[in-house]
Amino acid sequence: MQARAAPYLEKLNPQQRQAVETLDGPVLMLAGAGTGKTSALTARIAHLIHTGRARPNEVLAVTFTNKAAREMKERVGRHLGGAIEGMPWLGTFHSVCVKLLRRHAELVGLKSNFTILDTDDQIRLLKQLIVAANMDEKRWPARQLAGLIDGWKNKALTPEKVSGRETAAFDNRGSELYAAYQARLKTLNAVDFGDLLLHMVTIFQTQPDVLAQYQRWFRYILVDEYQDTNVAQYLWLRLLAQGHKNICCVGDDDQSIYGWRGAEVGNILKFEKDFPGAAVIRLEQNYRSTEHILSAASGLITANEGRLGKELWTEAEGGEKVRLIGHWDGEEEARWIGEEVEAIQRGTRGNPPISLNSQAILVRASHQMRAFEDRFLTIGLPYRVIGGPRFYERLEIRDAMAYFRLVTSPDDDLAFERIINTPKRGLGDKAQQRIQVAARENGLSLLDGARMLVAEGALSGKAAGQLRLFVENVARWHEEVVQASPATAVTRAEDDELLIEPAEDGVAPANDLSHVRLAERILEESGYVEMWQNDKTPEAPGRLENLKELVKALEQFDNLQGFLEHVALIMDNDKAETEEKVSIMTLHAAKGLEFPVVFLPGWEDGLFPSQRSMDESGLKGLEEERRLAYVGITRAEELCTISFAGNRRVYGQWQSQMPSRFIDELPPAHIDVLTPPGLYGGGMNGGGFGGSSAMEDRVSRADVYNSPGWRRLQNAQSRGVSQPREARHMVIDAKGESDYEIGDRVFHKKFGYGEVMGSEGDKLVVEFDKAGEKRLLSSFVVPAAD
Ligand code: ATP
Ligand code: MG
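Letter 350 of the sequence shown, counting from 1, is numbered 374 in UniProt numbering, and no numbers are missing.
Rendered as structure tokens:
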């Protein structure tokens, strides 16, 4: 049979093959990390298309992150040799829903060119509503309301459906404010992230013909990371799949890490009930990690109760043990990791050189990234932040985007508010209030309200002329946008989330780049660029650079709307780059990914597990944190390093930290405890690639505390030294070697052996044998052992 010869089937094991070839009816693939679930899912998409079971655009595949979707797309393309007509609907829940909602927006009272609000806009809007409801905005913060509404949307609850105890939320006014918020969004012709799904669920539930149309259309549905679907996503899937019932879900209960966002592991367990007769396939061979890494992760996760439980094995026996190391403080941790990354890249640890692209630092909370960014910038180590603070969140970019938004969607009042007086147009609070009033009283958007005031000649002086100019400009730009691309046009950018729309869709206009030139002109003619040109702050040149970058980014899209959509959806703006870079990302963003080398810093109680999970009664939160730890370790293929710091600066205050309780739970046979750097009980940090300084017996926090370097930290601390930096000198002091003499031999981690040539306070001048003369803090060298 032709299909059997297909290359994408060859690599698969019998269970994976079963998952790929069981095409009719529901399939559930339930298996641990790295067992090839995503690989099988991808092969299944290729198989469906290759065997002619479905045309590409009759296949709907959803996954969790943009990055994962992109990778899946690439893999399907490779499997099929690229030569297929059309592509599957392949993207995140949100990206698929936004496409569907644009087609059916009118069914929920929106226009098809609706805007997608980001969190900032959402908060601003909620704040207005809270104030309008005469509530104390300090006591009842908008952020809290946003969280509440988000939670309801994740559960597919529209304002009318919020009931029972939940109505008491937010001073008994939560659901009322929720309703007001939804109404406001409608007048703004806008949606928030949660709405994308909520509206589609509502449409499917209330419009049987629309639902039937898509049930017929999507002949095959595939879902990756099924354990993390929330109620709204689950309902959406279940509704869509009830037609053909050809749904294939893959997941791992041990990797469920979105409970805090309303994900329900229970969805996995319900699958067999929802889809009777489902083929359940289990995979047990892990192809990703070496034995020690897999065993460390498996050992840790057994501490969770209520698991489905599964055995994993790997053919990759042995390998490096998982390394564990404690550091004095967060900066030192970042410094050490930076040096390790470089050493591993160069191959100076007795390992073959490993590219920066193959190394990742996975943090629990995004604020941890800064220490690494700072350090890496200092030493010139190229890095990329995935899913972190992004380009598109910068002030100037958000302003520019607001211009683009207003021009494409003139009803977008939030965009209007943001830029009406940026740059300054003499339209202060008073003038803006008049616009607000005019708009409200006449049921108009702010832009139309402003237009009305201009027509009536209601304003005087400089403001009047400026407002007229602004209104006319926006109208003119809008005209150009409409001409350049009809509202229904779709993007066809390379990395758009859905590659190609079903054939019945509108034809994308030719990309003549007119929208790029228009964007440029908008920024010029509005005076926005000039504003930064005249700005004398040191940031201004960088901001102008960023604006140029923004315009450049537009070239990959057919029109402004497509671009705006892309930005609203994209979680990582990381394009394929040629330069090698080490990745920094949160553990959540790392789901489904793999790297030969993984660093897991910040394993400290209160950070990981998070304080919140520790404060909670019950184990739910803590178990989710443990699953997150499991996800972290199982990202590693060859080398995994867990670290913690004894001190961290929290809100400007130094705070001493306890190593994470998860460290106690790691199976000692698979762990190597390294000696902290900079503080030596003799010799350099043992271990490293190929090395070993494993503590005997068992690993525990106590062991870590008892490791020579760590004990020193503790000693220094117990002597009442509160400042880590000073404390470090004290540590050396304690050894009686704080004062080096000229001629002393010393050792430095980076520069190697050298001789002290002079000293000045706590600084030394050292002539290194290889690196030459350096001035450095005495705490960075140790007496040479020779
Ligand atoms: P996760 O739970 O982390 O999402 P997963 O189960 O989706 O993991 P994949 O990412 O599909 O696992 O696969 C893990 C690694 O194993 C990949 O590098 C993949 O190429 C490889 N792999 C998958 N199946 C096989 C196989 N049958 N033979 C050899 N290697 C395989
Ligand atoms: Mg996967």
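Idealized CB from N, CA, C, for every residue including glycine. As the structure is a computational prediction, the values presented were derived from the model and not from experiment.
Residues bridged to residue i (per DSSP)
i, result
"I385", "I608, F623"
"G776", "H772"
"P50", "P50 is not bridged to any residue."
"L348", "I666, V697"
"R673", "W678"
"P807", "V770"
"D353", "N671"
"A287", "N254"
"G656", "Answer is none; G656 lacks a bridge partner."
"T116", "T87"
"G796", "F792"
Burial state of residue i (16 or more Cβ within 10 Å)
i, result
"K61", "buried"
"V365", "buried"
"T512", "At T512 the pLDDT is 37, less than 50, meaning the model places this residue with poor confidence and gives no usable figure here."
"G711", "Confidence at G711 is low in this model, with a pLDDT of 33, below 50, so its placement is unreliable and no value can be given for it."
"Q557", "exposed"
"L690", "buried"
"K294", "exposed"
"K560", "exposed"
"E82", "buried"
"W369", "The displayed chain sequence assigns Gln, not Trp, to residue 369. Buried."
"R285", "exposed"
"H391", "exposed"
"S199", "buried"
"R68", "buried"
"D423", "buried"
"K345", "buried"
"A499", "exposed"
"P692", "buried"
"A192", "exposed"
Inter-residue CB distance, residue i and residue j (contact presumed, cutoff 8 Å)
i, j, result
"E661", "F632", "At roughly 22 Å, the Cβ-Cβ gap does not stay under 8 Å, so E661 and F632 are not in contact."
"N583", "H539", "5 Å"
"D278", "G56", "6 Å"
"E315", "G342", "6 Å"
"G308", "W337", "Per the sequence presented here, residue 308 reads as Glu, with Gly not at that position. About 6 Å separates the two Cβ atoms, so the contact holds."
"E544", "V505", "Not a contact, Cβ separation roughly 14 Å."
"L104", "H74", "6 Å"
"G267", "R240", "6 Å"
"A487", "L451", "5 Å"
Residue nearest to residue i in terms of C-alpha spacing, selected from the options
i, options, result
"E102", "A488, L588, Y32", "Looking at the sequence provided, one finds Arg at residue 102 rather than Glu. Of the candidates A488, L588, Y32, the one whose C-alpha sits nearest the C-alpha of R102 is Y32."
"N264", "I292, A85, L150, L491", "Position check: residue 264 holds Leu in this sequence, whereas Asn was assumed. The residue with the shortest Cα to Cα distance from L264 is A85."
"residue 16", "D48, S484, A808, A795", "Past the boundaries of the shown model lies residue 16; the chain is included only from 25 to 810, so the question cannot be answered."
"I443", "Q40, D276, R672, Y552", "Y552"
"A795", "F804, H772, R475, S136", "H772"
"R359", "G656, F623, V780, E339", "F623"
"T253", "L483, L65, N178", "N178"
"R79", "F194, I245, E95, A207", "I245"
Three-state secondary structure (DSSP) of residue i
i, result
"D423", "helix"
"M224", "helix"
"K185", "helix"
"E628", "strand"
"A600", "Reliability fails at A600, whose pLDDT of 42 lies under 50, so the model's placement of it is uncertain and the value that follows must be treated cautiously. A600 falls in the coil class under three-state DSSP."
"P791", "The residue asked about is misnamed: residue 791 is Glu in this sequence, not Pro. Three-state result, E791: strand."
"E661", "strand"
"V255", "helix"
"S469", "coil"
"P232", "helix"
"P692", "helix"
"V514", "Here the model assigns V514 a pLDDT of 34, short of 50, so the residue's position is not dependable, and the following value carries that caveat. Coil at V514, not helix or strand."
"W337", "strand"
"V86", "strand"
"residue 10", "There is no way to answer for residue 10, as the model of the chain reaches only from 25 to 810."
"A157", "coil"
"K269", "coil"
"Q585", "helix"
"G481", "coil"
"T139", "strand"
"Y282", "coil"
"P80", "helix"
Below-8 Å beta-carbon distance, residue i vs any chain B residue
i, result
"R243", "This model lacks chain B altogether, as it is built from one protein chain only."
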